[in-house]
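Using the working numbering, you'd call the opening residue of the sequence shown number 22 and step up by one each time. Yeah, the Cβ is synthetic: ideal placement off N, Cα and C, and Gly gets one too. In this text, all values refer to a predicted model and were calculated from it rather than measured experimentally.
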Amino acid sequence: MTITDMARMLMNADRYQRGSTQPKYPNGAAVAHPDTPDDGMDITGMTAADFHIIPVSNEIEQKVRDRVFENMKYRYGMTGTGNEYGEMVHSYLMSIPAKDRRDAAYTIDQIHFDEVEKINAFVKSRVPGWQPGQSFDTSILEEYRQETARLASETPNRDTQAACGLIAEKRFDTFTRGSDTPTEISRILVRR
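This is the structure we're talking about:
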């Protein structure tokens, strides 16, 4: 194989790679190709019933919420490049007992998804027609911060919630069956 053949092979591989993710948003963020399967590569055989919401530290919870807020403020709802978020979660998971890691990771994901949904809904309520990646006046996010702080002050602390049984091993499938509304989920997950 000549150097020209090797260069051609690398160029074709690069062209193929760029074709699998197409920039779709004004800020240049890339999303997966529409033909990418949605089922993922789950080979564990686990279902939603195998995952539980457990208490996690206030520090990691706040870091997750701050990261979502930063993504909204500086990237208009798109995630940034790099792996700081993953490293942050990984370091937290390595600091807790191994038996709790799966459920803690699941809980952190649920906190993240819950915060993303809340902040997206807030922005959409203030900017009709907004989609993630589209720019908007980020000064409205201060109102979101104030509202979140107000709700946190009205929410009972973690010990009170645990005593009431609100966060004791709730399974995600109970959320999707409709026994708990999204507002109740937010109250469970918001700043314990």
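Name the two residues that bound the continuous alpha helix (DSSP H) containing residue i.
i             : result
asparagine 79 : 79-96
serine 174    : 162-175
Mapping the DSSP letters down to three states, classify residue i as helix, strand or coil.
i                 : result
isoleucine 117    : coil
methionine 99     : coil
glycine 186       : Per-residue confidence for glycine 186 stands at a pLDDT of 39, beneath the threshold of 50, marking its modelled position as unreliable; the derived number appears in the next sentence. Coil at glycine 186, not helix or strand.
glutamine 131     : helix
threonine 25      : helix
phenylalanine 143 : helix
glutamate 68      : At residue 68 the sequence reads threonine, which differs from the glutamate that was named. Three-state result, threonine 68: coil.
valine 148        : coil
asparagine 104    : coil
aspartate 158     : coil
Within 8 Å, do at least three Cβ pairs link the stretch 112-123 to the stretch 143-160? no
Three or more beta-carbon pairs under 8 Å between the stretch 124-133 and the stretch 79-91, yes or no? yes
Pair every Cβ in the stretch 88-106 with every Cβ in the stretch 156-169, then say whether three or more of these pairs are closer than 8 Å. yes
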